[in-house]
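Enquirer: Numbering (the working numbering), first residue to last: 3 to 96.
Got a structure for you, questions after.
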């Protein structure tokens, strides 16, 4: 796999979402995105409470990249929508 030059893979469990993290947030199997088809920010996710699990998978320059997951019965925040990953794939910017 070819990583962008500014991305460094770093695999580690974590317990928190940094305020500036790039976050792939999931409710069950669905990815949370906003009305502009962008990934959810940690601020938008704050109403969900602590995620069931969080895992850091890399750094984009100085920005941590994480996956966070909540149980499938968790309602999404009003500013976000939960979508199947396959539906989202072509919507996210490169």
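Every residue, glycine too, gets a C-beta built ideally from N, C-alpha and C.
Which one of 34, 53 and 58 has the shortest CA to CA distance from residue 13?
Expert: The residue with the shortest Cα to Cα distance from residue 13 is 58.
Enquirer: Please return the same chain residues whose Cβ sits closer than 7 angstroms to the Cβ of residue 81, not counting the five positions on each side in sequence.
Expert: Only 36 and 46 meet the Cβ criterion.
Enquirer: Name the DSSP beta bridge partners of residue 10, please?
Expert: 61, per the DSSP bridge assignment.
Enquirer: Between the beta-carbon of residue 32 and the beta-carbon of residue 71, is there less than 8 angstroms?
Expert: Contact: no.
Enquirer: Alpha carbon to alpha carbon, how far is residue 61 from residue 87? Give it in angstroms, no decimals.
Expert: About 22 angstroms.
Enquirer: Report all residues from its chain with a CB closer than 7 angstroms to the CB of residue 55; omit the five preceding and five following residues, and keep chain order.
Expert: Correct list, in chain order: 71.
Enquirer: Just to confirm, are residue 29 and residue 41 a CB contact at a threshold of 8 angstroms?
Expert: Cβ atoms of residue 29 and residue 41: not closer than 8 angstroms.
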